[in-house]
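**Q** Residues -4 to 290 in our numbering are what the sequence shown lists, from first letter to last. Quick reminder that beta carbons are idealized off the backbone N, C-alpha and C, glycines included. Dropping a structure here in structure tokens format, bear with me for questions.
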Amino acid sequence: MTVQRILVPVDLSEQSDAALAYAVSLGQVWKAEIHVLNVYHLPAYAFPDGAFLPGPEAVADILDAAQKKVKKNIAAHADSGLTFKSHMVEGSVHEEIAKQAKDIGANLVVMGTHGRTGVSHFVLGSVAERVIRTAECAVMTVRGTESSATPKKILVGYDFSDPADRALAWARSFAETLGASVEVAHVFVDPWEEYRRAGSSVADSAETKYQAYREGLESLLAKAVSKAFGDRAPEVVRSVVTGSGSETLLEHADKKGVDLVCVGTSGKDAVERVLLGSTAQRLVQHSKVPVLTVH
């Protein structure tokens, strides 16, 4: 898998500056074009007698500020040896990011995330998560203002889905291109875990079924890794761990000191996400390291 074009949305935040730096480092590995996108808004002011739109001078000021920001971002990486292209559009941020990614044929979107949680997250949503849900290409989210731009330890959260298989393909590409190590982990719920924690014994028949199920998962995981990595499969660490989805995966990532998490996402709609949540969504919110999500 070769990355030819990377789209990087930028605003006035340090998070987007960090995302651009990350994208540039990746772009240098693949010799990819870097497309820098700024989505701007023309504010409307409400008065008792109706709405007021800014005049030509105000619009010119808004556009000038946006252009200067994009130029400044690109100039900061002038010595990278890469080709940069800039784009400025007005509209809904997440919609325009997804549209631009499709229009330019981007293989990857790299963007910063503020990692909102709680009420503000529910009310305002997260641009990054909306892009993950709507973009047709892979999306990498970079949280915070500093991140290692050349991942050397990659963790793939695997759930046997088609998107998870595509996440494996991305992980293999990173491993081959960057010389990174890869671990593939499947998280499942142990129905008897609470009993064990309480010191209760589990019937032999139930324990036998549990062990058979776990061994079945390990066998399926080995086959998936072998299919994705071919002759490199023996180099890949496989883990079957018990827990609760994203929380366990994050704990595992922290314990192993990984610097990139890859997961597939089914792009659940808003209702499903409110009711059931999403592993990818929670990873983007809480991961300390960049997260690559693949449809």
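Can you give me the start and stop residues for the alpha helix (DSSP H) that Glu178 sits inside?
**A** Indexing the sequence shown from 1 puts residue 178 at position 183. Careful: Glu178 lies outside any alpha helix (DSSP H), inside the beta strand (DSSP E) at Ser176 to Phe183.
**Q** Exposed or buried, Gln280, counting other C-beta atoms within 10 Å across all chains shown (16 or more means buried)?
**A** Here residue 280 refers to the residue found at position 285 of the sequence shown. Gln280 should be labelled buried.
**Q** With a threshold of 16 other CB atoms inside 10 Å of the CB of Thr108, please say whether the residue is buried or exposed.
**A** The residue given as residue 108 occupies position 113 in the sequence shown. By the 10 Å Cβ count, Thr108 comes out buried.
**Q** For Val114, does the count of other Cβ atoms within 10 angstroms reach 16, so buried, or fall short, so exposed?
**A** By one-based count along the sequence shown, residue 114 stands at place 119. Bear in mind that a pLDDT of 40 at Val114, under 50, signals an unreliable position, so the number given afterwards is only what the model happens to contain. So Val114 ends up on the exposed side.
**Q** On the DSSP letters alone, give me the boundaries of the alpha helix (DSSP H) that Thr274 sits inside.
**A** As a first step, residue 274 must be located in the sequence shown, where it is residue number 279. That run of the alpha helix (DSSP H) goes Thr274 to His281.
**Q** If you drop the 5 nearest sequence neighbours on each side, which residues of the same chain put their C-beta closer than 7 angstroms to that of Ala217?
**A** Taking the first residue of the sequence shown as position 1, residue 217 is located at position 222. Cβ neighbours of Ala217 beyond the five flanking positions: Arg233.
**Q** In chain order, what residues of the same chain have a beta carbon less than 7 angstroms from the beta carbon of Met(-4), not counting five sequence neighbours either side?
**A** Here residue -4 corresponds to residue number 1 of the sequence shown, with the count starting at 1. The answer, listed in chain order, is Ala164, Trp165 and Ser168.
**Q** Could you check what DSSP says for Phe224 in three-state terms: helix, strand or coil?
**A** As a working note, residue 224 is residue 229 in the sequence shown. If DSSP states are grouped into helix, strand and coil, Phe224 belongs with the helices.
**Q** Evaluate the contact criterion for the segment 218 to 229 versus the segment 121 to 129: three or more CB pairs, one atom per stretch, below 8 angstroms.
**A** They do not touch, by the three-pair rule.
**Q** Indicate the three-state DSSP secondary structure (helix, strand or coil) for Ser234 in the structure shown.
**A** On the sequence shown, residue 234 is found 239 positions in, with the first residue counted as 1. It is a strand residue.
**Q** Evaluate contact between the segment -1 to 18 and the segment 169 to 176, counting only Cβ atoms and requiring at least three cross-stretch pairs below 8 angstroms.
**A** Judged by Cβ distances under 8 angstroms, the segment -1 to 18 makes no contact with the segment 169 to 176, as fewer than three pairs qualify.
**Q** Between Ser200, Val236 and Lys204, which lies nearest to Glu213 when the distance is taken from Cα to Cα?
**A** The sequence position of residue 213 within the sequence shown is 218, counting from 1. Taking only the C-alpha atoms, the option nearest Glu213 is Val236.
**Q** At which residues does the beta strand (DSSP E) containing Pro4 begin and terminate?
**A** Taking the sequence shown and counting its residues from 1, one reaches residue 4 at position 9. Its beta strand (DSSP E) spans residues Arg0 to Pro4.
**Q** Specify the secondary structure class of Val201 as computed by DSSP and reduced to three states.
**A** As a first step, residue 201 must be located in the sequence shown, where it is residue number 206. In the sequence on display, residue 201 carries Ala and not Val. Ala201 falls in the helix class under three-state DSSP.
**Q** Considering only DSSP beta bridges, list what Asn33 is partnered with.
**A** The count along the sequence shown starts at 1 and reaches residue 33 at position 38. Bridge partners of Asn33: Met83.
**Q** Helix, strand or coil for Thr293? Go by DSSP, reduced to three states.
**A** Residue 293 falls outside the range modelled here, since the chain spans only -4 to 290, and no answer is possible.
**Q** Hey, out of Gly211, Glu210, Leu215 and Pro186, whose CA is closest to Ala201's CA?
**A** For the purposes of this step, residue 201 is taken as the residue at position 206 of the sequence shown. For the residues Gly211, Glu210, Leu215 and Pro186, the minimum Cα distance to Ala201 belongs to Pro186.
**Q** If you check the beta carbons only, do Lys256 and Leu150 fall under 9 angstroms apart?
**A** As a position in the sequence shown, residue 256 is number 261, starting the count at 1. As a position in the sequence shown, residue 150 is number 155, starting the count at 1. Per the sequence shown, residue 256 should be read as Val rather than Lys. Taking 9 angstroms as the Cβ cut-off, Val256 and Leu150 qualify as a contacting pair.
**Q** Could you tell me the distance, in whole angstroms, from the CA atom of Ser11 to the CA atom of Leu103?
**A** Locating residue 11 in the sequence shown gives position 16, where the first residue counts as 1. Locating residue 103 in the sequence shown gives position 108, where the first residue counts as 1. If you take the alpha carbons of Ser11 and Leu103, they lie about 15 angstroms apart.
**Q** Using a threshold of 8 angstroms, is the CB atom of Val256 nearer than that to any non-hydrogen atom of the ligand MN?
**A** Ligands are entirely absent from the displayed structure, and the ligand MN is therefore not among its contents.
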